[in-house]
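*Asks:*
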Amino acid sequence: MAVQLVLTLPDGSTREVPAGTTPRTVAQAIGAGLARAAVAARVGGQIVELDRPLAASGPFQILTDRDPEALGVLRHTAAHVLATAVRRLFPDAGIGFGPAIEDGFYYDFAVPRPFTPEDLERIEAGMREVVAADYPVVREEVGREDAARRFAADPLKLERLAEIGDGEVISVYRDGPFEDLCRGPHVASTGRLQHFKLLHAAGAYWRGDERRPMLQRIYGTAWFSQKDLDAYVRRLEEARKRDHRLLGRQLDLFSIQEHVGPGLIFWHPKGAMLQFQLRRFIEDVLLARGNQLVYTPHVTREELFLKSGHLPLYAENQFPPMGAGEGEAEGVRYRVKPMNCPMHILVYAAQQRSYRDLPLRLTEIANVYRNERSGTLHGMLRVRGLTMDDGHIFLRPDQIESEIFELLDIVDLVLGRTFGLEYRLDLATRPAEKLGTDEQWTQAEQALESALKRRGATYRLDAGGGAFYGPKIDIKFDDAIGREWQGATIQLDYQQPERFALEYTGADNQPHRPVMIHRAIFGTMERFIGFLIEHFAGAFPLWLAPEQVRVLPISDAQAAPARALRERLHAAGIRAALDDRSDTLNYRIRDAELAKVPYMAVVGAREAQAGTVALRVRGAGAKQEILTQDAFLERVTDEVRTRRRGP
RNA sequence: GCCGGUGUAGCUCAGCGGUAGAGCACUGGUUUCGUAAACCAGGGGUCGUGGGUUCAAUCCCCACCGCCGGCUCCA
Numbered sequence: 000m001a002v003q004l005v006l007t008l009p010d011g012s013t014r015e016v017p018a019g020t021t022p023r024t025v026a027q028a029i030g031a032g033l034a035r036a037a038v039a040a041r042v043g044g045q046i047v048e049l050d051r052p053l054a055a056s057g058p059f060q061i062l063t064d065r066d067p068e069a070l071g072v073l074r075h076t077a078a079h080v081l082a083t084a085v086r087r088l089f090p091d092a093g094i095g096f097g098p099a100i101e102d103g104f105y106y107d108f109a110v111p112r113p114f115t116p117e118d119l120e121r122i123e124a125g126m127r128e129v130v131a132a133d134y135p136v137v138r139e140e141v142g143r144e145d146a147a148r149r150f151a152a153d154p155l156k157l158e159r160l161a162e163i164g165d166g167e168v169i170s171v172y173r174d175g176p177f178e179d180l181c182r183g184p185h186v187a188s189t190g191r192l193q194h195f196k197l198l199h200a201a202g203a204y205w206r207g208d209e210r211r212p213m214l215q216r217i218y219g220t221a222w223f224s225q226k227d228l229d230a231y232v233r234r235l236e237e238a239r240k241r242d243h244r245l246l247g248r249q250l251d252l253f254s255i256q257e258h259v260g261p262g263l264i265f266w267h268p269k270g271a272m273l274q275f276q277l278r279r280f281i282e283d284v285l286l287a288r289g290n291q292l293v294y295t296p297h298v299t300r301e302e303l304f305l306k307s308g309h310l311p312l313y314a315e316n317q318f319p320p321m322g323a324g325e326g327e328a329e330g331v332r333y334r335v336k337p338m339n340c341p342m343h344i345l346v347y348a349a350q351q352r353s354y355r356d357l358p359l360r361l362t363e364i365a366n367v368y369r370n371e372r373s374g375t376l377h378g379m380l381r382v383r384g385l386t387m388d389d390g391h392i393f394l395r396p397d398q399i400e401s402e403i404f405e406l407l408d409i410v411d412l413v414l415g416r417t418f419g420l421e422y423r424l425d426l427a428t429r430p431a432e433k434l435g436t437d438e439q440w441t442q443a444e445q446a447l448e449s450a451l452k453r454r455g456a457t458y459r460l461d462a463g464g465g466a467f468y469g470p471k472i473d474i475k476f477d478d479a480i481g482r483e484w485q486g487a488t489i490q491l492d493y494q495q496p497e498r499f500a501l502e503y504t505g506a507d508n509q510p511h512r513p514v515m516i517h518r519a520i521f522g523t524m525e526r527f528i529g530f531l532i533e534h535f536a537g538a539f540p541l542w543l544a545p546e547q548v549r550v551l552p553i554s555d556a557q558a559a560p561a562r563a564l565r566e567r568l569h570a571a572g573i574r575a576a577l578d579d580r581s582d583t584l585n586y587r588i589r590d591a592e593l594a595k596v597p598y599m600a601v602v603g604a605r606e607a608q609a610g611t612v613a614l615r616v617r618g619a620g621a622k623q624e625i626l627t628q629d630a631f632l633e634r635v636t637d638e639v640r641t642r643r644r645g646p
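Letter by letter, the first sequence follows residues 0 to 646 in numbering that gives the first Met the number 0.
1. Curious, which full-length alpha helix (DSSP H) runs of at least 4 residues does the segment 277-337 contain?
2. For a test of the three-state rule: what should DSSP assign to HIS199, helix, strand or coil?
3. Looking at the secondary structure, which residues open and close the beta strand (DSSP E) in which GLN3 lies?
4. What does ASP10 pair with, by DSSP beta-bridge criteria?
5. Measure from the alpha carbon of LYS306 to the alpha carbon of each residue in ARG453, GLN494, ILE532, PRO540, then state which is nearest.
6. Would PHE59 and ALA40 be called neighbours here (beta carbons separated by less than 8 Å)?
7. Quick check on the DSSP output: what are the complete alpha helix (DSSP H) runs of length 4 or more inside the segment 456-513, in order along the chain?
8. Answer with buried or exposed for ASN290, where buried requires no fewer than 16 other C-beta atoms within 10 angstroms of its C-beta.
9. In chain order, which beta strand (DSSP E) runs of at least 3 residues are fully inside the segment 528-614?
10. Could you give the first and the last residue of the continuous alpha helix (DSSP H) run that contains LEU376?
11. Whose C-beta lies closer than 8 Å to the C-beta of VAL137 among residues of the same chain, with five residues either side of it excluded?
12. For the segment 97-145, list the beta strand (DSSP E) runs that are entirely contained and at least 3 residues long, ordered along the chain.
13. Between which two residues does the beta strand (DSSP E) holding SER170 run?
14. With distances taken between CB atoms, is the gap from GLN557 to GLY603 smaller than 8 Å?
15. Would the segment 441-461 count as touching the segment 422-431 if we require 3 or more Cβ pairs under 8 Å?
16. Quick check on DSSP: helix, strand or coil for GLU363?
17. For a minimum of 3 consecutive residues, which ranges assigned as the beta strand (DSSP E) are wholly contained in the segment 206-237?
18. Only counting the same chain, and skipping five residues up and downstream in sequence, which positions put a Cβ closer than 8 Å to that of GLU68?
19. Ordered along the chain, which non-local residues of its own chain (more than five positions away) have a Cβ less than 7 Å from that of GLY529?
20. Below 8 Å CB to CB, which residues in the same chain sit around GLU432 once its five sequence neighbours on both sides are set aside?
21. Is there contact here, the segment 3-21 with the segment 47-57, by at least three beta-carbon pairs under 8 Å?
22. Measuring alpha carbon to alpha carbon, tell me which residue in VAL331, ARG300, ARG332 is nearest MET342.
23. Checking 8 Å against the spacing of the C-beta atoms, do LEU376 and GLY262 come in under that value?
24. Straight-line CA distance for ILE163 to ILE516?
25. Short of 7 Å in beta carbon distance, which residues of its chain neighbour ALA348, apart from the five on each side in sequence? Order them along the chain.
26. What number of angstroms, rounded off, separates the C-alpha of MET213 from the C-alpha of GLY390?
27. Quick check: the Cα distance between GLY464 and PRO470, rounded to an integer number of angstroms?
28. If you measure between the beta carbons of LEU632 and LEU568, is that distance less than 8 Å?
29. With the cut-off set at 8 Å, would you say ALA92 and GLY219 are in Cβ contact?
30. So, using beta-carbon positions, are ARG454 and LEU406 closer together than 8 Å?
31. Any contact of the segment 546-566 with the segment 518-536, i.e. 3+ C-beta pairs under 8 Å?
32. Tell me the residue span of the alpha helix (DSSP H) that contains SER449.
33. Per DSSP, what are the beta-bridge partners of GLN45 in this structure?
34. Ignore the nearest five residues each way along the sequence and tell me which others in PRO396's own chain have a CB closer than 7 Å to its CB.
35. Between which two residues does the beta strand (DSSP E) holding ILE625 run?
36. Identify, in the order they occur along the chain, each residue of the same chain with its Cβ nearer than 6 Å to the Cβ of GLY435, setting aside the five sequence neighbours on each side.
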């Protein structure tokens, strides 16, 4: 007589089954429809395949093709199907890892030559054969020696096997001819995979370690329906249209000139206007909150960065020394600065500081240069010449929490309340290699955490992700294609005040060492504006738009009144252009729409007569609105002043 | 930096071992127009750079540079 298990279903009801019953049987007992839609099951907290015998009582849920977790299971199997096909075509291919990832899956292979696009086509066709064969995906638990025998020809798998602890289950999944060391779970058979597509191949270091061999990774995507697959492909296409590199050219915002150098941005007038508006905005915000502007040199004697500790540690990311002769000017080696912190420290240290001066908040929108590795450059999102909105705050340890709280508020004011952006907060704590005492770290981490909690912010814990000099809060966002980038950052630093022997005189008339916070709200103008371009798809809110209004006379007869309207707008501080070219109105409207100008003010005979404008709003199509010039001016200036997000 | 792909006019792209083409953009002219492309004409390219093979290279080979997709790294 088997032991009876009690399963608690999601609706709260319970069901008694003998131990060893499979989820599939339970699903069938609940209903034939559910059994058909079933992909996997959640038992306790764990997702298992449908044919895994149940061993314990507890919460139980059948996952169908409507549960997001089920998609992960399907994609994981898709990775195995991929490996099955690759092994068939390339029997000697070594296998690495093949997980499900967001929107798809990949598998890494050790092969003597990289896959070609033609290989991918053959492999995808091979996958369709594996699907058509509808191999059951069979789980087997094996002993260590058995596993070692099975994967004797796969050194990468053996490496993984050696890491599995003695108490842990070693499981193997087989579909047809292919066997993989794998934790699972999987769908019941390869036939379940129908709607998939291989996307591309790329090199990837084994275990993400650049000292280890490079494997060939094949990426793919898989969905439960053709409709979902099509929607995904469309989503990728839409995302590509928002790419800031494409829009940057189409809207004439910026360029990168090959003969000047990669990663160096030319801000064209329209892009420069974006940056100008953002600078004004952030400087206003910071000045209103007790920051002081400074300007500091772009180059320095190299010793400064030796003292700060950047050299030689950071040398790989710095441009080499400059000057006459062998990297020297008058016998001294100069470097262009990759960071501003030592500069701001010198401003702090230029006079004696009292505890009454703290927090001392120095801020500078500064250009710095970093010799980023060539393969990492990416439009404006990753550059070599960066314009940081960089600030350094010098304070007493007891001021940390309130200052962090204040900084988080500025971040939310700028990113959240002004732009309506979604961003994530990561609390990065002490790494293995660190400087400073454990007490300092504990105090610092607690200060960051309690500031986050006091704000009611949700954040992820990035354990061990802190800098060697202190913990930090990183603010991250996604670009159009879904890649994650770091924008704002708030970092505590105990190290540099130490290295530069910074002091302030306390109320006790004794010298004390201040703590330092590095902070950036936008991060860099390049990355932030690149991100904004993608976020708004180039259709910037009025206050940011390089060109806010375009005045369009219907014919030459309205040239004078149209010009007068443009002058009125200029006088009101509005960036207005006049398009009185001899092209048709339709042509000029199309031109303005493509340039993503927020407002088109059309002036025909009727409007010229009545002192009105026929207003066309970007993206609103032919819907138009007739209003007086006064009303129009008021509306526009009001929207600019309040930094409204529209139109 | 590493792996793969790629580079033809300002942009998007076609082409091919016999020294280059389209659309858009630009310039000139005609058109004066009521909400997403009027018409006609014209100018514009050392085919990324440097070597090599060849009677002849934009095309084939090599190297370098840039770009794209990943990996690694980071604001």
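Glycine is no exception: its CB is placed at the ideal position from the N, C-alpha and C atoms.
*Replies:* Checking against the coordinates, here is how it stands:
1. 302-307
2. Assignment of HIS199 by DSSP, reduced to helix, strand and coil, places it in the strand class.
3. Where GLN3 is concerned, the enclosing beta strand (DSSP E) stretches over 3-7.
4. In DSSP, ASP10 forms no bridge with anything.
5. Ranking the options by Cα distance to LYS306, first place goes to GLN494.
6. In this structure, ALA40 lies closer than 8 Å to PHE59 by Cβ.
7. Counting whole runs of 4 or more residues, the segment 456-513 contains the alpha helix (DSSP H) stretches 494-498.
8. Under a 10 Å Cβ-count criterion, ASN290 is classified as buried, with 16 or more other Cβ atoms of the shown protein chains found around its own Cβ.
9. 548-552, 575-577, 598-602
10. From DSSP, LEU376 is part of no alpha helix (DSSP H); its letter is neither H nor E.
11. TYR172, ARG173, ASP174
12. Taking only runs of at least 3 residues, the beta strand (DSSP E) segments lying wholly in the segment 97-145 are 103-109, 136-140.
13. Element bounds for SER170: 170-174.
14. Taking 8 Å as the Cβ cut-off, GLN557 and GLY603 qualify as a contacting pair.
15. yes
16. strand
17. DSSP runs (the beta strand (DSSP E)) wholly in the segment 206-237: 213-222.
18. ALA39, ARG41, ILE46, LEU62
19. HIS243, GLY378, MET379, LEU380
20. Once the five neighbours on either side are set aside, the close Cβ partners of GLU432 are PHE467.
21. yes
22. If we check each option's Cα against that of MET342, ARG300 comes out closest.
23. yes
24. 42 Å
25. Once the five neighbours on either side are set aside, the close Cβ partners of ALA348 are PHE499, LEU501.
26. Between MET213 and GLY390, the C-alpha separation is close to 40 Å.
27. 8 Å
28. yes
29. no
30. no
31. no
32. Where SER449 is concerned, the enclosing alpha helix (DSSP H) starts and stops at 437-453.
33. Residue pairing from DSSP places GLN45 in a beta bridge opposite VAL42.
34. So the list reads GLN442, VAL514, once near-sequence residues are dropped.
35. Secondary structure note for ILE625: its beta strand (DSSP E) is the uninterrupted segment 623-627.
36. TYR493
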